[in-house]
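Novice: Taking this note's numbering, the leading residue of the sequence shown gets 3, the next gets one more, and so forth.
Have a look at this one.
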Amino acid sequence: MPIYSAKYLMEVTTKIFEAAGATEYEAACVAEHLVKSNLVGHDSHGVVVIPEYIEMIKKRRIRPGAELEVLEETPTTALIDGNWGFGQVVAKEAMEIAVKKAKANGVSAVGIRHIYHIGRLGYYSMMAAEQDMIGVVMCNSGPIMAPYGGRARVLSSNPISVAVPAGKRKPFLMDFATSVVAGNKIIVAYNRGERIPLGWMLDKNGKPTDDPSDIFDGGVLVPFGGHKGYALALLVDILGGVLTGHGYTSSPEFKAGNGTFMMAIDVGRFMSIDAFKERVDALLETVKESPRASGFQEILIPGELEFRAEAKRLKEGIYVSEKTWQSIVAVAEELGVKI
3 MPIYSAKYLM
13 EVTTKIFEAA
23 GATEYEAACV
33 AEHLVKSNLV
43 GHDSHGVVVI
53 PEYIEMIKKR
63 RIRPGAELEV
73 LEETPTTALI
83 DGNWGFGQVV
93 AKEAMEIAVK
103 KAKANGVSAV
113 GIRHIYHIGR
123 LGYYSMMAAE
133 QDMIGVVMCN
143 SGPIMAPYGG
153 RARVLSSNPI
163 SVAVPAGKRK
173 PFLMDFATSV
183 VAGNKIIVAY
193 NRGERIPLGW
203 MLDKNGKPTD
213 DPSDIFDGGV
223 LVPFGGHKGY
233 ALALLVDILG
243 GVLTGHGYTS
253 SPEFKAGNGT
263 FMMAIDVGRF
273 MSIDAFKERV
283 DALLETVKES
293 PRASGFQEIL
303 IPGELEFRAE
313 AKRLKEGIYV
323 SEKTWQSIVA
333 VAEELGVKI
(Lines of atoms letter the chains of each structure in order from A; the text may use other names.)
(Lines give C-alpha, C1' and ligand atoms only; values in the text may rest on other atoms or scores of the structure.)
Protein backbone atom coordinates (compact mmCIF):
# COMPACT_ATOMS: atom_id res chain seq x y z
CA MET A 3 0.00 0.00 0.00
CA PRO A 4 1.54 3.36 -1.03
CA ILE A 5 2.58 5.77 1.72
CA TYR A 6 2.72 9.53 1.15
CA SER A 7 3.55 12.54 3.30
CA ALA A 8 0.79 14.96 4.24
CA LYS A 9 2.71 17.74 2.49
CA TYR A 10 2.86 15.81 -0.78
CA LEU A 11 -0.83 14.90 -0.67
CA MET A 12 -1.66 18.55 0.05
CA GLU A 13 0.32 19.66 -3.00
CA VAL A 14 -1.22 17.05 -5.29
CA THR A 15 -4.77 17.71 -4.10
CA THR A 16 -4.39 21.47 -4.41
CA LYS A 17 -3.08 21.19 -7.97
CA ILE A 18 -5.92 18.89 -9.01
CA PHE A 19 -8.64 21.21 -7.73
CA GLU A 20 -7.00 24.29 -9.20
CA ALA A 21 -6.86 22.51 -12.56
CA ALA A 22 -10.57 21.72 -12.18
CA GLY A 23 -11.40 25.41 -11.82
CA ALA A 24 -11.16 26.09 -8.10
CA THR A 25 -9.62 29.32 -6.87
CA GLU A 26 -6.29 29.10 -5.08
CA TYR A 27 -8.05 29.61 -1.73
CA GLU A 28 -10.74 27.02 -2.45
CA ALA A 29 -8.24 24.42 -3.61
CA ALA A 30 -6.03 24.93 -0.56
CA CYS A 31 -9.01 24.86 1.81
CA VAL A 32 -10.42 21.62 0.39
CA ALA A 33 -6.98 20.00 0.20
CA GLU A 34 -6.18 20.89 3.81
CA HIS A 35 -9.48 19.43 4.96
CA LEU A 36 -9.16 16.16 3.02
CA VAL A 37 -5.57 15.50 4.05
CA LYS A 38 -6.37 16.37 7.66
CA SER A 39 -9.08 13.70 7.52
CA ASN A 40 -6.48 11.16 6.40
CA LEU A 41 -4.10 12.30 9.11
CA VAL A 42 -6.61 11.70 11.91
CA GLY A 43 -7.52 8.29 10.54
CA HIS A 44 -10.78 9.14 8.77
CA ASP A 45 -9.62 7.85 5.39
CA SER A 46 -13.24 7.59 4.25
CA HIS A 47 -13.37 11.41 4.21
CA GLY A 48 -9.87 11.97 2.86
CA VAL A 49 -8.30 11.99 -0.59
CA VAL A 50 -10.47 9.04 -1.61
CA VAL A 51 -13.23 11.56 -2.45
CA ILE A 52 -11.15 13.53 -4.99
CA PRO A 53 -12.50 11.71 -8.09
CA GLU A 54 -16.08 12.15 -6.85
CA TYR A 55 -15.58 15.88 -6.28
CA ILE A 56 -14.09 16.34 -9.75
CA GLU A 57 -17.07 14.53 -11.26
CA MET A 58 -19.44 16.77 -9.30
CA ILE A 59 -17.64 19.86 -10.61
CA LYS A 60 -18.23 18.59 -14.14
CA LYS A 61 -21.93 18.13 -13.35
CA ARG A 62 -22.11 21.60 -11.73
CA ARG A 63 -23.15 20.12 -8.41
CA ILE A 64 -20.04 21.80 -7.03
CA ARG A 65 -19.55 25.29 -8.38
CA PRO A 66 -16.03 26.67 -7.97
CA GLY A 67 -16.01 30.37 -7.18
CA ALA A 68 -19.52 30.40 -5.69
CA GLU A 69 -19.94 32.79 -2.77
CA LEU A 70 -22.12 32.10 0.24
CA GLU A 71 -25.12 34.34 0.83
CA VAL A 72 -26.52 35.23 4.25
CA LEU A 73 -30.30 34.97 3.83
CA GLU A 74 -31.41 35.70 7.39
CA GLU A 75 -29.41 37.08 10.29
CA THR A 76 -29.79 38.14 13.91
CA PRO A 77 -27.09 38.79 16.53
CA THR A 78 -27.14 35.09 17.44
CA THR A 79 -28.31 33.30 14.29
CA ALA A 80 -27.66 33.11 10.56
CA LEU A 81 -29.15 31.20 7.66
CA ILE A 82 -26.66 30.73 4.84
CA ASP A 83 -27.12 29.70 1.23
CA GLY A 84 -23.92 28.05 0.03
CA ASN A 85 -24.93 28.40 -3.63
CA TRP A 86 -23.43 24.93 -4.21
CA GLY A 87 -19.87 25.99 -3.54
CA PHE A 88 -17.29 23.61 -2.08
CA GLY A 89 -18.72 22.26 1.15
CA GLN A 90 -15.46 22.63 3.05
CA VAL A 91 -15.13 26.28 2.07
CA VAL A 92 -18.70 27.26 2.92
CA ALA A 93 -18.82 25.28 6.19
CA LYS A 94 -15.52 26.74 7.37
CA GLU A 95 -16.78 30.27 6.76
CA ALA A 96 -20.07 29.41 8.46
CA MET A 97 -18.32 28.21 11.63
CA GLU A 98 -16.22 31.37 11.60
CA ILE A 99 -19.50 33.32 11.60
CA ALA A 100 -20.86 31.14 14.43
CA VAL A 101 -17.75 31.68 16.56
CA LYS A 102 -17.82 35.44 15.98
CA LYS A 103 -21.48 35.65 17.02
CA ALA A 104 -20.89 33.47 20.09
CA LYS A 105 -17.99 35.68 21.18
CA ALA A 106 -20.28 38.70 21.01
CA ASN A 107 -23.45 37.15 22.42
CA GLY A 108 -22.55 33.95 24.25
CA VAL A 109 -24.17 31.46 21.91
CA SER A 110 -24.97 31.15 18.22
CA ALA A 111 -26.71 28.89 15.73
CA VAL A 112 -26.03 28.83 11.99
CA GLY A 113 -27.87 26.84 9.34
CA ILE A 114 -26.60 26.15 5.81
CA ARG A 115 -28.55 25.13 2.72
CA HIS A 116 -27.45 24.35 -0.84
CA ILE A 117 -24.01 23.11 0.07
CA TYR A 118 -22.14 20.08 -1.24
CA HIS A 119 -20.32 17.50 0.92
CA ILE A 120 -18.66 19.26 3.87
CA GLY A 121 -16.44 16.31 4.82
CA ARG A 122 -15.38 15.45 8.37
CA LEU A 123 -17.54 17.32 10.86
CA GLY A 124 -14.93 17.24 13.62
CA TYR A 125 -12.88 19.74 11.64
CA TYR A 126 -15.53 22.42 12.24
CA SER A 127 -16.43 21.61 15.84
CA MET A 128 -12.71 21.79 16.63
CA MET A 129 -12.61 25.29 15.12
CA ALA A 130 -14.88 26.36 17.98
CA ALA A 131 -12.98 24.38 20.63
CA GLU A 132 -9.75 26.07 19.56
CA GLN A 133 -11.45 29.38 20.38
CA ASP A 134 -12.37 28.17 23.89
CA MET A 135 -15.92 27.36 22.84
CA ILE A 136 -18.04 24.26 22.59
CA GLY A 137 -18.71 23.47 18.95
CA VAL A 138 -21.69 21.46 17.69
CA VAL A 139 -22.11 20.39 14.04
CA MET A 140 -24.55 18.05 12.33
CA CYS A 141 -25.72 17.47 8.78
CA ASN A 142 -27.89 15.30 6.60
CA SER A 143 -27.02 13.83 3.24
CA GLY A 144 -28.40 11.57 0.52
CA PRO A 145 -30.56 8.55 1.41
CA ILE A 146 -28.44 5.57 2.36
CA MET A 147 -29.79 4.39 5.74
CA ALA A 148 -32.93 2.54 6.73
CA PRO A 149 -34.99 3.52 9.77
CA TYR A 150 -35.00 1.14 12.72
CA GLY A 151 -37.12 -1.81 11.62
CA GLY A 152 -37.01 -0.86 7.93
CA ARG A 153 -34.96 -1.73 4.84
CA ALA A 154 -35.52 1.25 2.52
CA ARG A 155 -33.14 4.18 2.02
CA VAL A 156 -35.11 7.01 3.60
CA LEU A 157 -32.45 8.51 5.89
CA SER A 158 -28.82 9.53 5.66
CA SER A 159 -26.08 8.47 8.06
CA ASN A 160 -26.61 11.97 9.54
CA PRO A 161 -23.39 12.56 11.52
CA ILE A 162 -23.00 14.64 14.67
CA SER A 163 -19.85 16.21 16.10
CA VAL A 164 -19.23 18.01 19.39
CA ALA A 165 -15.86 19.39 20.47
CA VAL A 166 -15.10 20.62 23.99
CA PRO A 167 -11.90 22.43 25.00
CA ALA A 168 -9.77 20.91 27.75
CA GLY A 169 -6.69 22.09 29.62
CA LYS A 170 -3.69 19.78 29.85
CA ARG A 171 -5.53 17.04 28.00
CA LYS A 172 -6.56 16.98 24.36
CA PRO A 173 -10.10 18.26 23.68
CA PHE A 174 -13.11 15.99 23.94
CA LEU A 175 -14.01 15.33 20.29
CA MET A 176 -17.15 13.40 19.46
CA ASP A 177 -17.61 12.80 15.73
CA PHE A 178 -19.70 9.93 14.43
CA ALA A 179 -22.43 8.96 12.02
CA THR A 180 -25.80 7.91 13.39
CA SER A 181 -25.41 4.77 11.30
CA VAL A 182 -23.19 1.98 12.61
CA VAL A 183 -20.52 3.28 10.20
CA ALA A 184 -20.30 6.10 7.67
CA GLY A 185 -21.10 5.10 4.10
CA ASN A 186 -17.62 6.00 2.88
CA LYS A 187 -16.13 3.38 5.21
CA ILE A 188 -17.97 0.77 3.15
CA ILE A 189 -16.38 2.24 0.02
CA VAL A 190 -12.93 2.12 1.63
CA ALA A 191 -13.42 -1.57 2.47
CA TYR A 192 -14.58 -2.23 -1.10
CA ASN A 193 -11.52 -0.47 -2.54
CA ARG A 194 -9.25 -2.53 -0.29
CA GLY A 195 -10.95 -5.79 -1.24
CA GLU A 196 -12.00 -6.38 2.36
CA ARG A 197 -15.19 -7.84 3.83
CA ILE A 198 -17.15 -5.82 6.36
CA PRO A 199 -18.42 -6.92 9.77
CA LEU A 200 -21.97 -8.22 9.93
CA GLY A 201 -24.18 -5.54 11.41
CA TRP A 202 -22.80 -2.67 9.34
CA MET A 203 -25.43 -2.93 6.61
CA LEU A 204 -28.30 -4.89 5.10
CA ASP A 205 -28.55 -6.11 1.52
CA LYS A 206 -31.44 -5.12 -0.76
CA ASN A 207 -33.57 -7.87 0.76
CA GLY A 208 -33.10 -6.55 4.28
CA LYS A 209 -30.67 -9.27 5.38
CA PRO A 210 -27.31 -8.64 7.12
CA THR A 211 -24.36 -8.77 4.71
CA ASP A 212 -20.57 -8.69 4.91
CA ASP A 213 -20.14 -7.85 1.21
CA PRO A 214 -19.33 -4.13 0.73
CA SER A 215 -20.34 -4.31 -2.94
CA ASP A 216 -23.96 -4.57 -1.77
CA ILE A 217 -23.80 -0.81 -1.19
CA PHE A 218 -23.97 -0.47 -4.99
CA ASP A 219 -26.91 -2.88 -5.30
CA GLY A 220 -29.62 -1.56 -3.03
CA GLY A 221 -27.89 -2.23 0.28
CA VAL A 222 -28.63 0.06 3.24
CA LEU A 223 -26.80 1.23 6.32
CA VAL A 224 -28.45 0.69 9.70
CA PRO A 225 -28.65 3.07 12.69
CA PHE A 226 -26.31 2.44 15.61
CA GLY A 227 -27.97 1.39 18.83
CA GLY A 228 -31.21 0.52 17.07
CA HIS A 229 -34.00 2.96 17.93
CA LYS A 230 -31.60 5.36 19.67
CA GLY A 231 -29.42 6.05 16.64
CA TYR A 232 -32.56 6.19 14.53
CA ALA A 233 -34.02 8.94 16.77
CA LEU A 234 -30.79 10.94 16.57
CA ALA A 235 -30.77 10.58 12.78
CA LEU A 236 -34.28 12.01 12.61
CA LEU A 237 -33.23 14.92 14.83
CA VAL A 238 -30.32 15.72 12.52
CA ASP A 239 -32.63 15.63 9.50
CA ILE A 240 -34.95 18.08 11.26
CA LEU A 241 -32.21 20.55 12.21
CA GLY A 242 -29.97 20.12 9.17
CA GLY A 243 -32.64 19.51 6.54
CA VAL A 244 -36.00 20.94 7.60
CA LEU A 245 -34.88 23.97 9.63
CA THR A 246 -32.35 25.16 7.04
CA GLY A 247 -34.59 24.69 4.02
CA HIS A 248 -32.07 22.33 2.41
CA GLY A 249 -34.68 19.60 2.54
CA TYR A 250 -34.92 16.44 4.61
CA THR A 251 -33.17 13.49 3.03
CA SER A 252 -36.13 11.81 1.33
CA SER A 253 -37.97 15.03 0.40
CA PRO A 254 -38.47 16.33 -3.17
CA GLU A 255 -36.58 19.53 -2.32
CA PHE A 256 -33.44 17.63 -1.27
CA LYS A 257 -31.07 17.66 -4.25
CA ALA A 258 -27.65 16.68 -2.92
CA GLY A 259 -25.01 17.69 -0.40
CA ASN A 260 -25.39 18.38 3.30
CA GLY A 261 -28.06 20.45 5.00
CA THR A 262 -25.99 21.65 7.95
CA PHE A 263 -26.66 22.99 11.45
CA MET A 264 -23.94 24.45 13.68
CA MET A 265 -23.74 25.93 17.16
CA ALA A 266 -21.00 27.65 19.13
CA ILE A 267 -21.21 28.16 22.90
CA ASP A 268 -18.91 30.59 24.70
CA VAL A 269 -17.77 28.75 27.82
CA GLY A 270 -16.71 32.05 29.40
CA ARG A 271 -20.36 33.09 29.75
CA PHE A 272 -20.85 30.29 32.28
CA MET A 273 -17.56 30.21 34.17
CA SER A 274 -13.93 31.16 33.65
CA ILE A 275 -12.37 29.19 30.83
CA ASP A 276 -9.52 28.08 33.10
CA ALA A 277 -11.95 26.68 35.67
CA PHE A 278 -13.91 24.92 32.94
CA LYS A 279 -10.84 23.33 31.39
CA GLU A 280 -9.64 22.18 34.81
CA ARG A 281 -12.98 20.50 35.45
CA VAL A 282 -13.07 18.90 32.01
CA ASP A 283 -9.55 17.57 32.60
CA ALA A 284 -10.67 16.13 35.94
CA LEU A 285 -13.70 14.48 34.36
CA LEU A 286 -11.72 12.95 31.52
CA GLU A 287 -9.01 11.78 33.92
CA THR A 288 -11.60 10.18 36.21
CA VAL A 289 -13.12 8.29 33.30
CA LYS A 290 -9.76 7.39 31.80
CA GLU A 291 -8.42 5.94 35.05
CA SER A 292 -11.59 4.10 36.08
CA PRO A 293 -11.47 0.26 36.30
CA ARG A 294 -11.39 -1.48 32.93
CA ALA A 295 -13.71 -4.24 31.82
CA SER A 296 -12.32 -7.66 30.92
CA GLY A 297 -10.55 -7.67 27.57
CA PHE A 298 -9.84 -3.92 27.46
CA GLN A 299 -6.31 -2.52 27.68
CA GLU A 300 -7.44 1.05 28.27
CA ILE A 301 -10.44 3.36 28.33
CA LEU A 302 -10.39 5.79 25.44
CA ILE A 303 -11.71 9.34 25.49
CA PRO A 304 -13.67 10.42 22.38
CA GLY A 305 -11.16 11.88 19.93
CA GLU A 306 -8.14 10.17 21.50
CA LEU A 307 -7.65 7.76 18.61
CA GLU A 308 -7.78 10.62 16.10
CA PHE A 309 -5.14 12.64 17.93
CA ARG A 310 -2.88 9.58 18.16
CA ALA A 311 -3.36 8.77 14.48
CA GLU A 312 -2.44 12.32 13.52
CA ALA A 313 0.80 12.23 15.50
CA LYS A 314 1.73 8.86 14.00
CA ARG A 315 0.87 9.70 10.40
CA LEU A 316 2.68 13.02 10.52
CA LYS A 317 5.81 11.00 11.31
CA GLU A 318 5.27 7.88 9.22
CA GLY A 319 3.13 9.13 6.35
CA ILE A 320 -0.40 8.42 5.15
CA TYR A 321 -1.43 5.04 3.76
CA VAL A 322 -3.51 5.24 0.58
CA SER A 323 -4.89 2.10 -1.07
CA GLU A 324 -3.53 1.31 -4.54
CA LYS A 325 -7.03 1.46 -6.01
CA THR A 326 -7.67 4.89 -4.49
CA TRP A 327 -4.29 6.20 -5.62
CA GLN A 328 -4.77 5.00 -9.18
CA SER A 329 -8.16 6.72 -9.34
CA ILE A 330 -6.49 9.96 -8.21
CA VAL A 331 -3.71 9.53 -10.79
CA ALA A 332 -6.31 9.02 -13.52
CA VAL A 333 -8.12 12.23 -12.56
CA ALA A 334 -4.84 14.15 -12.41
CA GLU A 335 -3.82 12.93 -15.88
CA GLU A 336 -7.21 13.90 -17.28
CA LEU A 337 -6.73 17.42 -15.92
CA GLY A 338 -3.13 17.65 -17.12
CA VAL A 339 -1.64 17.57 -13.63
CA LYS A 340 1.68 15.79 -13.15
CA ILE A 341 2.02 13.92 -9.85
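For glycine and all other residues, C-beta sits at the position ideal for the given N, C-alpha and C.
#1: Under 8 Å by Cβ, that's how I've got Met97 and Val238 pegged, so tell me the actual separation to the nearest angstrom.
#2: I'd like the list of long-range same chain contacts for Glu306, defined as Cβ closer than 8 Å, with 5 residues on each side in sequence excluded.
#3: Smallest Cα separation from Gly108: which of Glu54, Phe272 and Val244?
#4: Sort out for me which residues DSSP pairs Val138 with in a bridge.
#5: Does the Cβ of Asn160 have 16 or more other Cβ atoms within 10 Å, making it buried, or fewer, making it exposed?
#6: Roughly how many angstroms separate the alpha carbons of Leu286 and Gly297, rounded to a whole number?
#7: In whole angstroms, what is the alpha-carbon distance linking Tyr102 and Val72?
#8: Would you say Val112 and Ile99 are within 7 Å of each other, going by their C-beta atoms?
#9: What three-state label does DSSP hand Ala80 in the structure shown?
#10: Express the C-alpha separation of Ile303 and Val269 in angstroms, rounding to a whole number.
#11: For Ala191, collect the residues of the same chain with a Cβ closer than 6 Å to its Cβ; drop the 5 residues on either side in sequence, then sort them by chain order.
#12: Between the beta-carbon of Ala179 and the beta-carbon of Gly137, is there less than 7 Å?
#13: Answer yes if the region 116 to 129 comes into contact with the region 242 to 260, meaning at least three C-beta pairs across the two stretches below 8 Å, and no otherwise.
#14: Could you check the C-alpha separation between Pro53 and Asp276 for me, to the nearest Å?
#15: When the Cα of Ser252 is compared with those of Pro145, Val289 and Ala29, which residue comes out closest?
#16: Can you list the alpha helix (DSSP H) stretches of 4 or more residues lying completely in the region 214 to 263, in chain order?
#17: In the DSSP output, what is Thr326 paired with across the bridge?
#18: Check Asp71 in the structure and name its three-state DSSP category.
#19: Bridge partners of Ser181, per DSSP?
#20: Do Ala235 and Gly43 have their C-beta atoms closer together than 7 Å?
#21: Which partner residues of Tyr6 appear in the DSSP bridge assignment?
#22: Would you call the region 219 to 228 and the region 146 to 155 in contact, with 3 or more CB pairs under 8 Å?
#23: What are the start and end residues of the beta strand (DSSP E) that includes Gly113?
#24: Considering only the beta carbon of each residue, do Pro4 and Val339 sit closer than 7 Å?
#25: Anyone know if the C-beta pair for Asp83 and Gly124 falls short of 7 Å?
#26: If we ignore side chains and look at the alpha-carbon of each, how far apart do Met265 and Thr25 end up?
#27: Take Glu336 as the anchor and find which of Asp219, Ala233, Ile240 and Glu57 has the nearest alpha-carbon.
#28: On the DSSP bridge assignment, give the partners of Thr211 in chain order.
#29: Which whole-angstrom value describes the C-beta separation of Ala334 and Ile341, a residue pair presumed to lie in contact below a C-beta threshold of 8 Å?
#30: Would DSSP call Phe174 helix, strand or coil?
#31: Looking at Asp283 and Pro168, is the spacing between their C-beta atoms short of 7 Å?
Specialist: If we stick to the structure as given:
#1: The count along the sequence shown starts at 1 and reaches residue 97 at position 95. The count along the sequence shown starts at 1 and reaches residue 238 at position 236. Contact check for Met97 and Val238: beta-carbon distance about 17 Å, past the 8 Å limit, so the pair fails to qualify.
#2: For the purposes of this step, residue 306 is taken as the residue at position 304 of the sequence shown. So the qualifying residues of the chain are Lys172.
#3: Working through the sequence shown from its first residue, we reach residue 108 at position 106. Nearest in C-alpha terms to Gly108, of all of Glu54, Phe272 and Val244, is Phe272.
#4: Walking along the sequence shown from the start, residue 138 turns up at place 136. For Val138, the pairing in a beta bridge is given by DSSP as Val164 and Met265.
#5: Taking the sequence shown and counting its residues from 1, the one referred to as residue 160 is at position 158. Buried, since its Cβ has 16 or more Cβ neighbours within 10 Å.
#6: Numbered from 1 along the sequence shown, position 284 holds the residue referred to as residue 286. Numbered from 1 along the sequence shown, position 295 holds the residue referred to as residue 297. Counting only the Cα atoms, Gly297 lies some 21 Å from Leu286.
#7: Within the sequence shown, residue 102 is the residue found at index 100, counting from 1. Within the sequence shown, residue 72 is the residue found at index 70, counting from 1. The question names Tyr, but residue 102 in the sequence shown is Lys. So the two alpha carbons sit approximately 15 Å from each other.
#8: On the sequence shown, residue 112 is found 110 positions in, with the first residue counted as 1. On the sequence shown, residue 99 is found 97 positions in, with the first residue counted as 1. Val112 places its beta carbon less than 7 Å from that of Ile99.
#9: Residue 80 sits at position 78 when you count from the first residue of the sequence shown. Looking at Ala80 - three-state DSSP - the assignment turns out to be strand.
#10: In the sequence shown, counting from the first residue as 1, residue 269 sits at position 267. In the sequence shown, counting from the first residue as 1, residue 303 sits at position 301. Straight-line Cα distance between these residues: approximately 20 Å.
#11: Residue numbering aside, residue 191 sits at position 189 when the sequence shown is read from its first letter. Short of 6 Å from the beta carbon of Ala191, and not among the five residues preceding or following it, lie these beta carbons of its own chain, in chain order: Ile198 and Pro214.
#12: Residue 179 sits at position 177 when you count from the first residue of the sequence shown. Residue 137 sits at position 135 when you count from the first residue of the sequence shown. Contact: no.
#13: Contact between the region 242 to 260 and the region 116 to 129 is present: 3 or more CB-CB pairs across the two stretches fall below 8 Å.
#14: Sequence index remark: in the sequence shown, residue 53 carries index 51 (1-based). Sequence index remark: in the sequence shown, residue 276 carries index 274 (1-based). Straight-line Cα distance between these residues: approximately 44 Å.
#15: Your numbering for residue 252 matches position 250 in the sequence shown. The residue with the shortest Cα to Cα distance from Ser252 is Pro145.
#16: If we require 4 residues or more, the alpha helix (DSSP H) runs fully inside the region 214 to 263 come out as 229 to 238.
#17: Position 324 of the sequence shown holds residue 326. As DSSP reads the structure, Thr326 sits in no beta bridge.
#18: The residue given as residue 71 occupies position 69 in the sequence shown. The question names Asp, yet the displayed sequence has Glu at residue 71. Reduced to three states, the DSSP call for Glu71 is strand.
#19: Looking up residue 181 in the sequence shown gives position 179. Residue pairing by DSSP places Ser181 opposite Pro225 in a beta bridge.
#20: Looking up residue 235 in the sequence shown gives position 233. Looking up residue 43 in the sequence shown gives position 41. No, the pair does not count as a contact, with Cβ atoms beyond the cut-off.
#21: For this step, residue 6 is matched to residue 4 along the sequence shown. The partner list for Tyr6 (beta bridge, DSSP) reads Ile320.
#22: Contact holds: three or more Cβ-Cβ distances are below 8 Å.
#23: As a working mapping, residue 113 is identified with position 111 in the sequence shown. Residues Val109 to Arg115.
#24: Residue mapping note: residue 4 aligns to position 2 of the sequence shown, counting from 1. Residue mapping note: residue 339 aligns to position 337 of the sequence shown, counting from 1. Taking 7 Å as the Cβ cut-off, Pro4 and Val339 do not qualify as a contacting pair.
#25: Position 81 of the sequence shown, counted from the first residue, corresponds to residue 83. Position 122 of the sequence shown, counted from the first residue, corresponds to residue 124. Going by C-beta atoms, Asp83 is not nearer than 7 Å to Gly124.
#26: By 1-based counting over the sequence shown, the position of residue 265 is 263. By 1-based counting over the sequence shown, the position of residue 25 is 23. In this structure, the straight-line span from the alpha carbon of Met265 to that of Thr25 is close to 28 Å.
#27: On the sequence shown, residue 336 is found 334 positions in, with the first residue counted as 1. Closest option to Glu336, Cα to Cα, is Glu57.
#28: The count along the sequence shown starts at 1 and reaches residue 211 at position 209. In the DSSP assignment, the residues bridged to Thr211 are Met203.
#29: Start at 1 with the first residue of the sequence shown, and residue 334 comes out as number 332. Start at 1 with the first residue of the sequence shown, and residue 341 comes out as number 339. About 5 Å; that satisfies the 8 Å criterion.
#30: Sequence index remark: in the sequence shown, residue 174 carries index 172 (1-based). DSSP, reduced to helix, strand and coil, places Phe174 within a strand of the structure shown.
#31: Position 166 of the sequence shown, counted from the start, is the residue given in the question as residue 168. Position 281 of the sequence shown, counted from the start, is the residue given in the question as residue 283. The sequence shown places Ala at residue 168, rather than the Pro named in the question. In this structure, Ala168 places its C-beta atom within 7 Å of the C-beta atom of Asp283.
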